[in-house]
Amino acid sequence: MGAPLVGCASHRLNLAVQAHLSSYDEDVAQIQTLMRKMKTLNLAAALRFNTLLLRQDTRWGSTDRMVERYFWLSEFLPDDDDETADIMPSSRAVKRLKTLMVERTRVKNVNKALQKDGITMLDTRVWVDGLIEVEPSFKHYLEFWRSS
Numbered sequence: 020m021g022a023p024l025v026g027c028a029s030h031r032l033n034l035a036v037q038a039h040l041s042s043y044d045e046d047v048a049q050i051q052t053l054m055r056k057m058k059t060l061n062l063a064a065a066l067r068f069n070t071l072l073l074r075q076d077t078r079w080g081s082t083d084r085m086v087e088r089y090f091w092l093s094e095f096l097p098d099d100d101d102e103t104a105d106i107m108p109s110s111r112a113v114k115r116l117k118t119l120m121v122e123r124t125r126v127k128n129v130n131k132a133l134q135k136d137g138i139t140m141l142d143t144r145v146w147v148d149g150l151i152e153v154e155p156s157f158k159h160y161l162e163f164w165r166s167s
């Protein structure tokens, strides 16, 4: 055959993102706990026009949506409730999560592009190299053509 087996770039990107997200596990878990708390009866009634989201462990897109939804809902969250105040993320955690969301915009764009019809291996290589440049930790998962 002679042709290198490249593998699915989208799958490798997913693995890289999962590994990258592990450094934010504590912050994301705190948001997850808060979202679960917000689904209780009293708080859900207060937020009934603003839907809460929980993450699915196997899909990083759901983590993004949950964190985005937290930022959108944060102005509506009660700050005078002691139980809620105990599980609210710290200002440092909020800052880290905002940074994560900015970083993730690039990844989402590349992920969507990889799933389009008609892309070439060169297109994929250019996009992947760009991600490796801004997030060097992705190199382990995404530098698949240079290994052969």
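Residue numbering for the sequence shown follows the numbering used here, starting at 20 and increasing by one per position. Glycine included, every Cβ here is placed at the ideal spot set by N, Cα and C. Values in this document were obtained by computation on a predicted structure and should not be read as measured data.
Alpha helix (DSSP H) containing residue i: first to last residue?
i             : result
lysine 117    : 110–133
glutamate 102 : 101–106
aspartate 148 : 140–153
glutamate 45  : 44–57
serine 29     : 28–40
In its own chain, which residues sit with a C-beta less than 6 Å from the C-beta of residue i, not counting the 5 before and 5 after it?
i             : result
leucine 19    : Shown here, the chain extends from 20 to 167; a query on residue 19 therefore has no answer.
glutamate 162 : none
Kindly list the residues whose CB is nearer than 8 Å to the CB of residue i, restricted to its own chain and excluding five residues on each side of it in sequence; keep chain order.
i             : result
histidine 159 : Ala35, Ala38
isoleucine 50 : Met85, Val86, Tyr89, Pro108, Leu116
Beta-carbon separation of residue i and residue j under 7 Å?
i          : j              : result
leucine 32 : asparagine 128 : no
Taking just the CA atoms, how far does residue j sit from residue i?
i                : j              : result
alanine 132      : aspartate 100  : 43 Å
aspartate 142    : glycine 149    : 11 Å
threonine 52     : isoleucine 106 : 7 Å
phenylalanine 95 : aspartate 44   : 24 Å
methionine 140   : lysine 114     : 36 Å
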